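J.: For the record, the sequence lines run as chains G and U.
Counting from 8, one number per residue, gives the positions in the first sequence under our numbering.
Counting from 100, one number per residue, gives the positions in the second sequence under our numbering.
Backbone N, C-alpha and C define an ideal beta-carbon position, used for all residues, glycine too.
The model shown is predicted, which means the values in this text are computed figures rather than measured ones.
Got a structure for you, questions after.
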Amino acid sequence: MKILVCIKQVPDLETRFKLNAAGDWFEEADVAFRMNEYDEFAVEEAVALKGKLGAETDVTILSIGPDRVKETIKKALAMGADRGAHIQDDEPHRKDPAQVAAMIAAYAKEKEFGLVFMGLQSQDRGSAQVGPLVALNLGFNLVTTVVGFEYDSGQVTARRELEGGLKAVVKTRAPAVITCQLGLNKPRYPTLPNIMKAKKKELLTIPAADLAPGDALNIVERAAPPERKGAGVILEGDAAEVADKLIGMIREKTGLI
Amino acid sequence: MKALLIGESRKGKTLAATYELAEFARRIGAQSAMFIVDAEDDLPKYDGRLLLADSSSCGQINPPAHAALAAEVANRENADIVVLSHSPYGWDLAPLIARALGAGQVSEVVDYQEGVYVTPALNGKMRLFNKPRTPKVVVTLQSGAFAPADPPSGAPQVEKLQAPAQEKKYELVALEEPEATGVDLARAKVVVSAGRGVGKVENIELVKKLAEALGGELGASRPVVDAGWVEASRQVGSSGKAVAPKLYIACGISGAAQHVAGMKGSEFVVSINTDPEAPITEVAHVNALVDLNQLIPALLEKLKG
Chain G
8 MKILVCIKQV
18 PDLETRFKLN
28 AAGDWFEEAD
38 VAFRMNEYDE
48 FAVEEAVALK
58 GKLGAETDVT
68 ILSIGPDRVK
78 ETIKKALAMG
88 ADRGAHIQDD
98 EPHRKDPAQV
108 AAMIAAYAKE
118 KEFGLVFMGL
128 QSQDRGSAQV
138 GPLVALNLGF
148 NLVTTVVGFE
158 YDSGQVTARR
168 ELEGGLKAVV
178 KTRAPAVITC
188 QLGLNKPRYP
198 TLPNIMKAKK
208 KELLTIPAAD
218 LAPGDALNIV
228 ERAAPPERKG
238 AGVILEGDAA
248 EVADKLIGMI
258 REKTGLI
Chain U
100 MKALLIGESR
110 KGKTLAATYE
120 LAEFARRIGA
130 QSAMFIVDAE
140 DDLPKYDGRL
150 LLADSSSCGQ
160 INPPAHAALA
170 AEVANRENAD
180 IVVLSHSPYG
190 WDLAPLIARA
200 LGAGQVSEVV
210 DYQEGVYVTP
220 ALNGKMRLFN
230 KPRTPKVVVT
240 LQSGAFAPAD
250 PPSGAPQVEK
260 LQAPAQEKKY
270 ELVALEEPEA
280 TGVDLARAKV
290 VVSAGRGVGK
300 VENIELVKKL
310 AEALGGELGA
320 SRPVVDAGWV
330 EASRQVGSSG
340 KAVAPKLYIA
350 CGISGAAQHV
360 AGMKGSEFVV
370 SINTDPEAPI
380 TEVAHVNALV
390 DLNQLIPALL
400 EKLKG
């Protein structure tokens, strides 16, 4: 079986972001990037399934973005995926989820993938739309928010989250899109030999325009830092002094101490 | 403007998130109707038309069937906007409904200003101002962003729907309840929660000691539970428990929307986090920008004496 895993490179969220010149996203200079956390679970699930099903299982990693995303694809290859497809797009934040899904589906169609894994959402924009839209575009079944996954000859059995800690076990048939929730598995760390091996694996680059993204349905006109509504007190400095002040405030406001 | 609200239910009962949809419709000045599946035992307290389907015809948990029926209703009602919660149910249904209507979707809306939908990005460190280009729009609402001020009231005019027979693409095998344990976070007067910022599993003990010294319970954010550092029954947030203690102390928690949704009912919120831009600062009454490895031992020392 062929498996597709769609991953996104996202900025480190501990960054102190500045607005970019266009005013519609953040300034990239000096920002560190890494794999979207949800997608690490997607890569792990695909690679673990390959381990169970054997060598005829082939895992392709797809990522959309500028050249820097190749590093993230290589990490996924070092985790055990077989090949990479880099959709070259210098301004991926200008594409809406419908366009992203259109490009993924254009790449995937006629390649006979049996399963498509991806994160439930991205940590930077978090629309949670791309998985369902890819499933619609390809005519695949869909299970979202997955925290447990089993596959047996075309039958998918998944544990998925609902609200408030409730979960459902559901069945569907491949081909299917599976969107992965945090905690689905324990993503492996690439070992040094596997990092070396990954350098020799196929990594094709395809221009975004070749995959007919179409028009955006939703435009982000501008971005801005949030207005800080929090009128909270800031305590800084020596831990012992802060502890004194904090205990005083807790005593005054709650009467608990 | 006409809005169709997609309510949420579980086991025949309306979920509270449903009332935020009605509040959103009120705030944007839309005329609304509500669609809901499987809420016969506890109908939404909503003054308006309620288009009600039962689970026997479209399944208790069956996103393709629910979405197909909701889209059909949205077309029939000629809705300009379809409104869902940014929840697992909304994640499943919204893109399917949007595709059926040829509509653009805006996810996790926190504000609306004259045709522009505001959404968070970068873990709350940025706001995006979205303008859909399609005549019809589907939106999902961030939990808590449109909480009604008053308890819900009203009685709907019910119109029953019959779902057409669907190909079985999605089969429910079992529902799993959250594990029942002795912990009752919802009733705790003090909750001290650990987040990813505690850094390593050994530090959970430190947070737990602070909880004990204050006569409270240990809580946790999702990443800490996923890492196996704290049991799932102590998870605070929209995928865990909702808590409303007198005192909530967030230790190394960034304050992602899904966590805040579970603790914003707390009376007094203290954050211990070295990142001054973490979104938790928006809800915390006191932000201690001090390394928790130093501050918690100092607090324990003073509480002892």
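1) Any residues in the segment 168-181 of chain G with a beta carbon nearer than 9 angstroms to a beta carbon of chain U? Which ones, in chain order?
2) Can you have a look at residue 160 of chain G and say buried or exposed, based on whether 16 or more other CB atoms are within 10 angstroms of its CB?
3) Going by C-alpha to C-alpha distance, which of G:39, G:51 and G:24 sits closest to residue 14 of chain G?
4) May I have the straight-line CA-CA distance separating residue 177 of chain G from residue 166 of chain G, to the nearest angstrom?
5) Given that residue 24 of chain G touches chain U, what residues does it touch there, using C-beta distances under 7 angstroms?
6) Quick one: measure Cβ to Cβ for residue 141 of chain G and residue 108 of chain G, integer angstroms, because I've assumed they're closer than 8 angstroms.
7) When Cβ atoms are compared, which residues of the segment 130-143 of chain G fall closer than 9 angstroms to chain U?
8) Based on the DSSP secondary-structure assignment, which residues constitute the bridge partners of residue 91 of chain G?
9) Considering only residues of the segment 142-199 of chain U, which uninterrupted beta strand (DSSP E) runs meet the minimum length of 3 residues and lie entirely inside it, listed in chain order?
10) Sorted by chain position, which residues of the same chain lie with C-beta nearer than 7 angstroms to residue 188 of chain U's C-beta, five sequence neighbours on each side aside?
11) Report all residues from its chain with a CB closer than 6 angstroms to the CB of residue 73 of chain G; omit the five preceding and five following residues, and keep chain order.
12) Where do the ends of the beta strand (DSSP E) carrying residue 347 of chain U lie?
13) Tell me residue 178 of chain G's beta-bridge partners as DSSP assigns them.
14) Return the CA-CA distance between residue 298 of chain U and residue 176 of chain U, expressed in angstroms with no decimal places.
15) For a contact defined as C-beta to C-beta under 7 angstroms, what are the partners of residue 251 of chain G on chain U?
16) Ends of the alpha helix (DSSP H) at residue 225 of chain G?
17) Between residue 43 of chain G and residue 83 of chain G, what straight-line distance do the alpha-carbon atoms span, to the nearest angstrom?
18) Using a Cβ cut-off of 7 angstroms, pull out every chain G residue sitting near residue 143 of chain U, in sequence order please.
19) With respect to the beta strand (DSSP E) encompassing residue 210 of chain U, which residues constitute its N-terminal and C-terminal limits?
20) Listed in chain order, which residues of the segment 321-339 of chain U have Cβ atoms closer than 9 angstroms to some Cβ of chain G?
21) Go ahead and pull the three-state DSSP assignment for residue 220 of chain U.
22) Just to make sure I have the definition right: I need the residues of chain U whose C-beta is within less than 9 angstroms of the C-beta of residue 72 of chain G. Which are they?
23) Taking the beta strand (DSSP E) that residue 203 of chain G belongs to, which residues open and close that run?
24) Looking at chain G, which residues of the segment 202-214 of chain U have a Cβ within less than 8 angstroms of any of its Cβ atoms?
25) Return the CA-CA distance between residue 151 of chain G and residue 356 of chain U, expressed in angstroms with no decimal places.
26) From residue 4 of chain G to residue 268 of chain U, what distance separates their C-alpha atoms?
27) Any beta-carbon of chain U closer than 7 angstroms to the one on residue 111 of chain G?
28) Quick check on residue 387 of chain U: does DSSP put it in helix, strand or coil?
29) Could you give the residue range of the alpha helix (DSSP H) that holds residue 45 of chain G?
30) With a threshold of 7 angstroms between beta carbons, is residue 391 of chain U in contact with chain G?
31) Okay, do the segment 145-155 of chain U and the segment 211-228 of chain U touch, 3+ Cβ pairs below 8 angstroms being the bar?
32) How would you label residue 174 of chain U, buried or exposed, when you count the other beta carbons within 10 angstroms and need 16 or more for buried?
33) Considering just the uninterrupted stretch of the alpha helix (DSSP H) at residue 248 of chain G, what are its terminal residues?
34) Taking Cβ positions only, does residue 245 of chain U come closer than 7 angstroms to chain G?
35) Of all Cβ atoms in chain G, is any one closer than 7 angstroms to the Cβ of residue 295 of chain U?
36) Taking residue 138 of chain G as part of the alpha helix (DSSP H), name the residues at either end of that continuous run.
T.: With the given structure in hand:
1) 168, 169, 170, 171, 172, 173, 174, 175, 176, 177, 178, 179 and 180
2) exposed
3) G:51
4) 6 angstroms
5) 221, 224 and 225
6) 5 angstroms
7) 130, 131, 132, 133, 134, 135, 136, 137, 138, 139, 140, 142 and 143
8) G:68 and G:210
9) 148-152 and 180-184
10) 107
11) 97
12) 346-350
13) G:164 and U:270
14) 52 angstroms
15) 401
16) Where residue 225 of chain G is concerned, there is no enclosing alpha helix (DSSP H), although the beta strand (DSSP E) it sits in stretches over 225-231.
17) 11 angstroms
18) Simply none; closest approach about 16 angstroms.
19) 210-212
20) 321, 322, 324, 325, 326, 327, 331, 332, 334, 337, 338 and 339
21) strand
22) Neighbours of residue 72 of chain G on chain U: none; closest Cβ ~16 angstroms, over 9 angstroms.
23) No beta strand (DSSP E) contains residue 203 of chain G, which is instead part of the alpha helix (DSSP H) from 199-205.
24) 202, 203, 204, 205, 206 and 207
25) 19 angstroms
26) Here chain G comprises residues numbered 8 to 264, so residue 4 of chain G is not present and cannot be evaluated.
27) no
28) strand
29) 44-60
30) no
31) no
32) exposed
33) 246-261
34) no
35) no
36) 137-145
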